[in-house]
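What follows is one structure encoded as structure tokens, with my remarks underneath.
In my numbering, the protein residues as written are -9 to 430.
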């Protein structure tokens, strides 16, 4: 427990373990004798701050280190999903039978209201995403893709506007609470320049309550999805710039590193390596940065490496080895019919292939589709004329994607005539410029 407490203190930014403060908690759901745990703020894994045994009447007391910041903690057993609630020194919190927060505390009522705003926004976006996915599965031409994407962005803006109004109302109605402070932080700034400037004002980054990982994550996700172009390369570059804008050697920057790693973990694991390395370099005592680096898989094949062999079946069911294209300059292209950015990039690849195919250039397309019909229809619709289209129809578990550590698409590797990787993730004019060097 001492190790966990030390880590939690580092995350909370406290600097003393000398004095302690009590938090009284009552649960009508847990039987006497049950051990409950108080979890502190965390990024990659849960951190136990304290534990206590439930007494008669459901009462249990936890200890917070002196200087602990008011914010969202979690309470529960290690076998069930813990309950989130706002705690501060001396707070008395009640948990009702259904797991919801009990009434009677302004802090908890404000937090309940904030969670309701978040849930309503999430439901609206889930509905939009399901509608978009249904259309995308049917296959779209590039012009159709642009039209649908534009419509989707307009509807997304409408959802955000509703959220803005709800957050502003909450901030006004529950002044002085932690939830009201978060709501005010999440409401967009007045000027367009400030809206796209993340992490925000110096005063906000200096406020320890706003340096909690969950608060940073909420702010960052909205910034990425609402104000930036929707492509992974832009998001990654902008996120690194945002980390550098945060005050050096600050709790905010330390947690921003972790939140960035968490957000991109499911999109691009290769991006995690430089993030985790810098995180640990600047904050050498951060245990979660150490854990992340230790858990990362081997790196993606790099420029200068020989391209690992792929043998997958084409649309006719015939095995097509990547190595069968040796002697040509090859664009190894990971894509899928359901991937909007892939479909938008396809016209550039088609144009480049048409221009350079007679000079020794070809494409080896690995689809991450699951639906064979959707895959073949997309090839026809986008007029992908090169012969090497392969897939095992295993989605992200594609053997090719696993081998090349592909966690986001489109992803490309340009191979020279000997099968060596000479460039990665080239788009439009950059691809053509590299081809001119290799083929002329």
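Beta carbons: idealized from backbone N, C-alpha and C, even for Gly.
Small disclaimer: the values here were computed from a predicted structure and weren't measured.
- In this structure residue 271 is exposed. Its beta-carbon is surrounded by fewer than 16 other beta-carbon atoms within 10 angstroms.
- Put simply, the segment 278 to 285 does not touch the segment 61 to 69. Fewer than three CB pairs are less than 8 angstroms apart.
- Each of 119, 121, 114 and 101 was checked against the Cα of residue 173, and the nearest Cα belongs to 101.
- Note on geometry: alpha-carbon atoms of residue 75 and residue 143 lie some 33 angstroms from one another.
- Residue 187 sits in coil when the DSSP states are folded into three classes, being neither helix nor strand.
- In the three-state DSSP reduction, residue 396 falls in the coil class, being neither helix nor strand.
- Taken in chain order, the complete beta strand (DSSP E) segments of 3 or more residues contained in the segment 351 to 421 are 351 to 357, 378 to 380, 401 to 405 and 411 to 414.
- In this structure, residue 330 lies away from residue 121, with their beta-carbon atoms at least 8 angstroms apart.
- Boundaries of the beta strand (DSSP E) around residue 325: 319 to 325.
- As summarised for the segment 224 to 249, there are no continuous alpha helix (DSSP H) elements at least 4 residues long confined to that stretch.
- The distance from the Cβ of residue 116 to that of residue 257 is about 19 angstroms, inconsistent with a contact at the 8 angstroms cut-off.
- Shortest Cα-Cα distance from residue 430 to any of 382, 374, 53 and 319 involves 319.
- Residue 51 has 14 as its beta-bridge partners, per DSSP.
- Sequence-distant Cβ neighbours of residue 22 in its own chain, meaning closer than 7 angstroms and more than five residues away, are 44, 45 and 46.
- Here the segment 294 to 310 does not lie against the segment 417 to 426, with fewer than 3 beta-carbon pairs under 8 angstroms apart.
- Straight across, the Cα-Cα distance linking residue 423 with residue 395 is about 26 angstroms.
- Judged by DSSP in its simplified three-state form, residue 181 adopts coil rather than helix or strand.
- Residue 59 counts as buried, since no fewer than 16 other beta carbons sit within 10 angstroms of its beta carbon.
- For residue 40, the secondary structure class from DSSP, reduced to helix, strand or coil, is strand.
- It is roughly 6 angstroms from the alpha-carbon of residue 170 to the alpha-carbon of residue 164.
- Excluding the 5 residues flanking it on each side, residue 212 has same chain C-beta neighbours closer than 8 angstroms at 150 and 176, in chain order.
- Look at the beta carbons and you see the segment 235 to 255 touching the segment 193 to 201: at least three pairs across the two are nearer than 8 angstroms.
- Excluding its 5 nearest sequence neighbours in each direction, residue 415 has C-beta neighbours in its own chain below 6 angstroms: 402, listed in chain order.
- For residue 138, the three-state secondary structure derived from DSSP is helix.
- Taking residue 263 as the centre and dropping the five residues before and after it, the same chain places the C-beta of 283, 286 and 289 closer than 8 angstroms to its C-beta, in chain order.
- The Cβ neighbour count for residue 20, taken over all protein chains shown within 10 Å, is at least 16; the residue is labelled buried.
- Less than 8 angstroms separates the beta-carbon of residue 16 from that of residue 48.
- Counting every other CB atom within 10 Å of its CB across the protein chains shown gives residue 106 a total below 16, marking it as exposed.
- CA-to-CA, the gap between residue 146 and residue 296 works out to about 43 angstroms.
- For residue 344, the uninterrupted alpha helix (DSSP H) run begins and ends at 330 to 346, by DSSP.
- Per DSSP, reduced to three states, the secondary structure at residue 298 is coil, with no helix or strand assignment.
- Separation of residue 31 and residue 293 (C-alpha to C-alpha, rounded to the nearest whole angstrom) is 39 angstroms.
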